[in-house]
Amino acid sequence: MSTSTGAAAVAAQTASNPLAGTTPTLQRSNTPGSTASGVGSASSSSGGMDELMPLVLQLTNPDQREVVLLELSKKRETFSDLAPILWHSPGTVAALLQEIVSIYPLLTPPTLTAHASNRVCNALALLQCVASHADTRAPFLAAYVPLYLYPFLNTQSKSRPFEYLRLTSLGVIGALVKVDDTDVIAFLLHTEIIPLCLRIMETGSELSKTVATFIVQKILLDETGLQYVCATAERFFAVSTVLANMVQLLQVHPSVRLLKHVVRCFLRLADNMRAREALKTCLPASMRDNTFSAALHNDATVQKWLTQLLQVVGPPVAGGGGDAAAGGANAAGALGNPMGNGDGK
């Protein structure tokens, strides 16, 4: 399977489900040497687990690992207990991390091939399974496994292998934030996830931008996350400026799916009193007029959010709603000193 085929599959599935609390699911085609089986009935048959366990154990065998990674990545949604089995099987997680670390030398200079990208993305798909399972999410965080993915998120090459790698890595983080869990948000806030997501929101593909914005949205929807972003003018300025820049680009390349998450982020920021005052200055003018009315004609949810946002923020102040950088600078001035408890009280 080529990287372009994998990326197209991700795009197709994500497009059919506009990230309403979900993250992209990878689709895999068969490769020479793989043993495709009827997995649809595997979980309901007594032989399903008998088929699964040998595959999991084979992950620790470097000679068999590539084919096994592919097979397991295809089965991960069929077996509800795959995540605990992966986590508690001796050497399995170490084998997955070995796959990740082995790619690091290919990041700088950027020499990642389509084959290498596909292989490590199969490993990431299994980690996404672990991240999304209720029984393995906490130990997954306690072992700081997400930090192994950050070098992938920090890459800037726009080639398909790198874009696919970033998108799949974002899917792992998206799986963590999909379920509202304050412990997950607290963990992420002690890492560099927000700056990494902000960079992807500005420079990534539409799919990567969408997942990265979804992650920032979920962080903001948590009270701790909102307080963190609004605690200082610099943090608010960084987030609001990227969101404003995205709005400008969306005027040229409309995407209701992406605009939905941008509007939701602005609306959540407006829940903070001092951030709300700053938005009077830095909220893009195109969100106040009818620029996106045609694009949002068939999306009542986003229309409702945008209406609520404009009602909460109120009319712009003098000099607001213009250039993103200028508006952001004025917003930073409005925020002034660190906001203490972050709720404006």
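Numbering (our numbering), first residue to last: -14 to 330.
Built from N, CA and C at the ideal position, the CB exists for glycine as well.
Subject >> Whether valine 237 touches leucine 281 by CB criterion (8 Å) >> reply: Leucine 281 sits away from valine 237, with the two beta carbons spaced by 8 Å or more.
Subject >> Coarse secondary structure for cysteine 215, derived from DSSP in three states >> reply: In the structure shown, cysteine 215 falls within a coil segment according to DSSP collapsed to helix, strand and coil.
Original post:
Roughly how many angstroms lie between the CA atoms of proline 300 and threonine 217, to the nearest whole one?
Top reply: Distance between the alpha carbons of proline 300 and threonine 217 is about 24 Å.
**OP:** Using three-state DSSP, classify aspartate 66 as helix, strand or coil.
**Re:** Note: aspartate 66 maps to coil in three-state DSSP.
Original post:
Given a threshold of 16 other Cβ atoms within 10 Å of its Cβ, counted over all protein chains shown, does valine 214 qualify as buried or as exposed?
Top reply: Under this definition valine 214 is a buried residue.
**OP:** Take aspartate 207 as the anchor and find which of His246, Lys59, Asp165 and Pro94 has the nearest alpha-carbon.
**Re:** Residue Asp165 is the option with its Cα nearest to aspartate 207.
Original post:
Helix, strand or coil for lysine 143 per DSSP?
Top reply: In the structure shown, lysine 143 adopts coil according to DSSP, grouped into three states.
**OP:** Give every residue of the same chain whose Cβ lies closer than 7 Å to the Cβ of glycine 76, excluding the five residues on either side of it in the sequence, and list them in chain order.
**Re:** Thr45.
Subject >> Contact belief for phenylalanine 64 with leucine 126 at Cβ below 8 Å, rounded distance in angstroms >> reply: Actually they do not touch by this definition, with Cβ atoms about 22 Å apart.
Original post:
Within this structure, are the beta carbons of isoleucine 170 and valine 201 separated by less than 8 Å?
Top reply: Result no, Cβ atoms of isoleucine 170 and valine 201 do not sit closer than 8 Å.
Original post:
Does DSSP classify glutamine 296 as helix, strand or coil?
Top reply: Helix at glutamine 296.
**OP:** Tell me whether alanine 128 sits in a helix, a strand or coil according to DSSP, three-state version.
**Re:** Coil, per DSSP.
**OP:** Look at the alpha carbon of threonine 226 and the alpha carbon of proline 269, and state the distance between them as a whole number of angstroms.
**Re:** In this model, threonine 226 and proline 269 are separated by some 10 Å (Cα to Cα).
**OP:** Please report how far the alpha carbon of glycine 189 lies from the alpha carbon of proline 136, in whole angstroms.
**Re:** Between the alpha carbons of glycine 189 and proline 136 lies a gap of roughly 15 Å.
Original post:
Are leucine 235 and leucine 228 touching if we call contact CB-CB under 8 Å?
Top reply: In this structure, leucine 235 keeps its C-beta atom at 8 Å or more from the C-beta atom of leucine 228.
Original post:
Is the Cβ-Cβ distance between leucine 111 and serine 58 less than 8 Å?
Top reply: Closer than 8 Å, so yes.
**OP:** Between the Cα of lysine 203 and those of Thr176, Ala160 and Met231, spot the shortest distance and give me the residue it belongs to.
**Re:** Looking at the Cα atoms, Ala160 is the closest of the given residues.
Original post:
Once you ignore the five residues that flank threonine 276 on each side, which residues in its own chain have a CB closer than 7 Å to its CB?
Top reply: These residues qualify, in order along the chain: Gln236.
**OP:** With a threshold of 16 other CB atoms inside 10 Å of the CB of threonine 292, please say whether the residue is buried or exposed.
**Re:** The Cβ neighbour count for threonine 292, taken over all protein chains shown within 10 Å, is under 16; the residue is labelled exposed.
Original post:
Comparing the C-beta of proline 75 with each C-beta of chain D, is any distance below 8 Å?
Top reply: Absent from the structure is chain D; it holds one protein chain and no more.
Original post:
Which runs of the alpha helix (DSSP H) spanning at least 4 residues fall entirely within the stretch 46 to 93, listed in chain order?
Top reply: If we require 4 residues or more, the alpha helix (DSSP H) runs fully inside the stretch 46 to 93 come out as 50 to 60, 67 to 73 and 77 to 86.
Original post:
In whole angstroms, what is the alpha-carbon distance linking valine 115 and leucine 71?
Top reply: Going by the C-alpha atoms only, they are around 8 Å apart.
Original post:
Using CA coordinates, which residue listed in Arg259, Val78 and Leu138 is at the minimum distance from glutamate 177?
Top reply: If we check each option's Cα against that of glutamate 177, Leu138 comes out closest.
**OP:** Return the CA-CA distance between aspartate 274 and methionine 186, expressed in angstroms with no decimal places.
**Re:** When rounded, the distance between both Cα atoms is 23 Å.
Subject >> C-beta contact flag for leucine 67 and valine 53 at 8 Å >> reply: Result no, Cβ atoms of leucine 67 and valine 53 do not sit closer than 8 Å.
Original post:
When the distance is taken between beta carbons, is alanine 79 closer than 8 Å to leucine 91?
Top reply: Cβ atoms of leucine 91 and alanine 79: not closer than 8 Å.
Subject >> Rounded straight-line distance, which links the Cα of proline 95 to that of phenylalanine 147 >> reply: Approximately 8 Å, taken between the alpha carbons.
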